[in-house]
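Some notes on the structure that comes next.
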Amino acid sequence: MDKSLFGYIWRYSKRDQIVLLLVTLTTFPILYASLELPKRIINDAIGGAQGDVTVLGISLSQIQFLLFLCAGFLLAVTVNGLLKMRLNTMKGVLAERLLRRFRFQLLTRILRFPRPYFRHTSQGELVSMVTSEAEPMGGLMGDMLSQPVFQAGQMMTILVFLFAQSFWFGLASVALIPLQAWIIPKLQRQINLLNRDRIQEVRRLASDIGETAAGVSDIRINGGLRYRMSLFSDRLGKLFSIRFEIFQKKFFMKFLNNFINQLTPFFFYSVGGYLAIKGEITIGALVAALAAYKDLSSPWKELLAYYNQSQDMALRWETVIERFAPNTLVADHLFEDPPKSATSLKGDIEINNVTVRDEEGQNVLVNINLVIPQGARIAVKTNNESAAQAFADVLTREIIPQRGSVKIAGHELNTLHQATLAGCIGYVHSNPNILRGTLGENLLMPLKTEPIIDADVHQKIKSFQQEAKRSGNSTDPFEADWIDPEVAGLKSSNDIRDWWFQLVQAMGIDDFMVRRALRSQIDVSRHQALTEAIVPLRPEIAKRLTEAKLDDVVYRFHPDKFNAVSPLGANLLYALPTRKLTQLSLSREINFVQIMRAQGIANELTNMSATLIESLTATFGHDGTNHPLFQRLNIDEELYKRLGAIVKKRQSVGDADLPDEDYALILTVPFAFSAEQIGPAFSEAFKERVLEIRKQNATQMLRALDGLFEPIDSNRYIPAMTLMGNAIFGRISSMAGAREKLIEDTVVNVLSEHGLRRLAAESI
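Be aware that the sequence shown starts at 39, since it is given in the numbering used here, and climbs by one per residue.
Structure follows, in structure tokens:
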């Protein structure tokens with residue numbers, strides 16, 4: 039990677055920087071016009087001689103001339119503003135492209151780091167460098183050329199105007215600039231060095247946080263909490279000391295800079311006023327000069343800020359780059375542009391004079407010489423586990439030997455493309471990392487070597503690829519189909535999934551995966567075949583449950599019946615939430631309280647909520663939230679305590695004087711508990727009333743809640759429910775006990791009979 043930040047920017051954005059420069063240059067004549075016109079308006083149009091004025095061969099009265107100059111001034115200001123807007127937009131887009139390229143290169147390097155490098159570089163450090171440390175560099179990437187030229191050009195334009203009014207005005211404007219140009223960078227350099235120390239200290243803190251998160255159980259069990267907290271206190275103390283020193287230097291520099299800036303207006307008022315009194319300059323020229331100087335301070339301040347930023351970012355660049363350039367990094371070309379033809383690695387493995395050292399420089403393998411014949415099975419026997427691990431890592435190029443070479447079938451291992459190694463060498467260890475996604479997606483990773491893109495590419499994909507190419511990113515569309523059956527010697531994706539499920543069955547985890555799928559919510563868009571197959575099976579599953587005499591603990595949804603094991607929302611609306619809905623989020627819905635009041639059930643709900651909370655308080659108290667029975671309730675400890683406080687307040691002030699947020703929150707309690715859980719407080723009469731309201735007003739209430747709930751339909755899959763809930767089209771009573779396992783067995787049997795076990799397992 040480029041050692042210099044400016045070299046990197048110029049290398050990847052030369053053309054764009056030149057375009058920005060040209061756009062910048064067009065702003066200067068317009069800027070000069072916007073400075074000159076106010077002077078002409080005051081001196082010529084307002085203070086000039088009475089009579090007509092000829093402009094471009096056209097005779098204008100004094101008022102017409104004034105309006106003409108004012109219109110010209112307005113036009114100049116508008117065009118100047120539009121050019122600045124366009125210039126800033128172009129700089130922003132360029133900066134984001136370069137930042138995207140830089141981050142992608144850093145992420146690519148992380149994927150190329152040898153395994154031992156991660157033992158002394160934490161995930162927290164890497165995350166911090168790629169995200170927060172890289173972010174400020176984006177601003178400089180867009181400003182590298184255009185910003186100093188733009189600000190310097192503005193300064194020169196304003197100075198030319200000032201010297202044109204009076205030599206002394208111009209001299210007064212620039213008199214203190216050399217002093218600022220000398221002293222401010224010196225102070226900023228000290229601040230930048232402190233910022234570098236701060237960044238390195240933040241990295242160490244991130245490393246400690248990551249290390250603590252990974253080993254938190256060991257720290258707690260072995261009594262290391264106090265020592266660990268002392269470490270954090272030490273880190274935070276060092277950060278405080280560095281920041282304190284930065285604040286002192288930074289604000290002293292600002293004070294000094296502002297003081298110097300205010301000296302120049304002093305000379306304008308004194309010297310300029312004296313010259314105006316003597317009649318050597320006009321009042322209009324003095325006013326224009328004062329306005330111009332006010333405009334001059336801004337670009338000069340921006341130039342100083344640019345210099346300070348560039349020095350800071352250059353140091354930041356060096357601190358990032360040095361961590362992403364380990365000596366044992368595999369060459370770029372061995373990861374880019376996979377070879378067109380396959381390389382066979384069927385042959386002997388020759389290990390010649392291989393020596394491997396650890397991070398401390400200690401020998402792990404020394405002068406290993408070995409030939410492993412083709413097709414041989416070998417075992418490595420050693421008293422040193424690190425040596426065995428290093429030996430395996432050498433054969434997969436996870437470690438680059440300090441000395442010696444490895445050849446496979448006559449091919450030098452260090453010259454083979456990574457795609458060849460991934461396709462020809464299999465490596466299994468005892469602690470595989472499961473990436474985010476399903477287990478099936480993780481197992482099929484070796485088949486995702488390249489995307490399968492149709493000839494008729496969607497315009498959205500084309501736009502993505504064009505922008506990715508301009509930013510130096512991968513043009514492979516992530517949403518494409520990546521599974522290539524030919525890699526495994528199969529013909530179709532269905533063959534791959536059959537083969538994968540056979541592996542799962544051979545491992546004996548298929549039943550576990552199917553049952554776990556039943557307890558999970560399924561992404562309908564990713565598992566459409568499974569969700570579409572479940573809906574037609576509902577009648578058969580219901581019949582099986584009846585035959586097994588399990589239907590008395592399964593409460594199926596019915597448009598005309600009250601479901602005793604579903605919360606009030608499902609019964610009142612005959613609908614389920616379209617997203618995760620907590621009591622707090624429901625209470626904050628704008629129309630929620632109004633709807634409950636409009637249906638005339640708000641008082642019953644608050645009374646029911648108060649009765650339930652009082653009953654829970656009598657049973658568990660304020661400190662019994664660790665009881666197993668409480669853990670089964672759909673309420674967290676903090677919310678439980680808050681509701682208890684609201685109920686207590688309600689007893690003394692009533693519903694009318696409760697704060698709106700408290701009243702809305704207590705209304706949500708029946709939406710979190712079922713009638714079965716609430717008990718006798720949920721009377722049969724109230725159930726009938728809920729059904730009557732549903733029949734008459736459910737549609738209007740759903741419309742008022744604006745998509746928050748989705749109607750229950752026996753012919754559609756319900757994303758808000760688990761696969762089990764969809765299969766039985768309802769809910770299981772909390773009183774089912776051991777019979778819940780029998781219900782699950784029945785559903786699993788039906789899925790097996792209809793060949794859906796594989797589809798269910800794929801969802802995990």
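Built from N, CA and C at the ideal position, the CB exists for glycine as well.
Quick caveat: nothing in here was measured; it's all calculated off a predicted structure.
Terminal residues of the alpha helix (DSSP H) in which residue i lies
| i | result |
| --- | --- |
| residue 424 | 423-433 |
| residue 229 | 215-252 |
| residue 57 | 43-63 |
| residue 731 | 722-742 |
| residue 553 | 548-556 |
| residue 97 | Unbroken run through residue 97 is the beta strand (DSSP E), 96-98; no alpha helix (DSSP H). |
| residue 586 | First-last for residue 586: undefined, no H or E at that position. |
| residue 168 | Premise fails: residue 168 is in no alpha helix (DSSP H) and is neither H nor E. |
| residue 534 | 531-545 |
| residue 639 | Segment: none, residue 639 is in no alpha helix (DSSP H) and carries neither H nor E. |
| residue 753 | First-last for residue 753: undefined, no H or E at that position. |
| residue 299 | 263-305 |
Span of the beta strand (DSSP E) around residue i
| i | result |
| --- | --- |
| residue 593 | 592-594 |
| residue 747 | 747-749 |
| residue 441 | 441-446 |
| residue 80 | It is not in any beta strand (DSSP E) - residue 80 carries neither H nor E in the DSSP assignment. |
| residue 614 | 613-615 |
| residue 629 | It is not in any beta strand (DSSP E) - residue 629 carries neither H nor E in the DSSP assignment. |
| residue 768 | 768-770 |
| residue 388 | 387-395 |
Nonlocal neighbours in the same chain, by C-beta distance under 8 angstroms from residue i, ignoring five residues either side
| i | result |
| --- | --- |
| residue 290 | 225 |
| residue 738 | none |
| residue 142 | 509, 510, 511 and 512 |
C-alpha gap between residue i and residue j, whole angstroms
| i | j | result |
| --- | --- | --- |
| residue 695 | residue 634 | 18 angstroms |
| residue 716 | residue 682 | 16 angstroms |
| residue 465 | residue 434 | 8 angstroms |
| residue 791 | residue 582 | 13 angstroms |
| residue 623 | residue 797 | 34 angstroms |
| residue 786 | residue 761 | 11 angstroms |
| residue 480 | residue 753 | 33 angstroms |
| residue 516 | residue 146 | 16 angstroms |
| residue 803 | residue 572 | No statement about residue 803 is possible, as the shown extent of the chain runs from 39 to 802 and does not include it. |
| residue 366 | residue 388 | 21 angstroms |
| residue 526 | residue 487 | 11 angstroms |
| residue 456 | residue 378 | 13 angstroms |
| residue 521 | residue 531 | 7 angstroms |
| residue 341 | residue 558 | 58 angstroms |
| residue 370 | residue 539 | 37 angstroms |
| residue 100 | residue 112 | 18 angstroms |
| residue 655 | residue 665 | 13 angstroms |
| residue 789 | residue 569 | 12 angstroms |
| residue 452 | residue 438 | 8 angstroms |
| residue 288 | residue 231 | 12 angstroms |
With 16 other Cβ atoms within 10 Å as the buried cut-off, status of residue i
| i | result |
| --- | --- |
| residue 495 | exposed |
| residue 599 | exposed |
| residue 392 | buried |
| residue 220 | exposed |
| residue 205 | exposed |
| residue 140 | buried |
| residue 720 | buried |
| residue 650 | buried |
| residue 776 | exposed |
6 angstroms Cβ shell around residue i - same chain, five flanking residues per side excluded
| i | result |
| --- | --- |
| residue 490 | 519 |
| residue 372 | 455 and 456 |
| residue 565 | 801 |
| residue 270 | none |
| residue 412 | 385 and 386 |
| residue 631 | 702 |
| residue 731 | 637 |
Close beta carbons around residue i, own chain, < 7 angstroms, minus the five adjacent residues each side
| i | result |
| --- | --- |
| residue 529 | 523 |
| residue 462 | 383 |
| residue 418 | 426 and 429 |
| residue 241 | 163 and 166 |
| residue 351 | 43, 174, 175 and 178 |
| residue 794 | 568 and 571 |
Distance cut-off 7 angstroms: residue i Cβ against heavy atoms of the ligand ATP
| i | result |
| --- | --- |
| residue 295 | Of ligands this structure carries none, so the ligand ATP is not represented either. |
What alpha helix (DSSP H) runs, 4 residues minimum, are completely inside the region 658-719?
666-669, 675-691, 698-705 and 713-716
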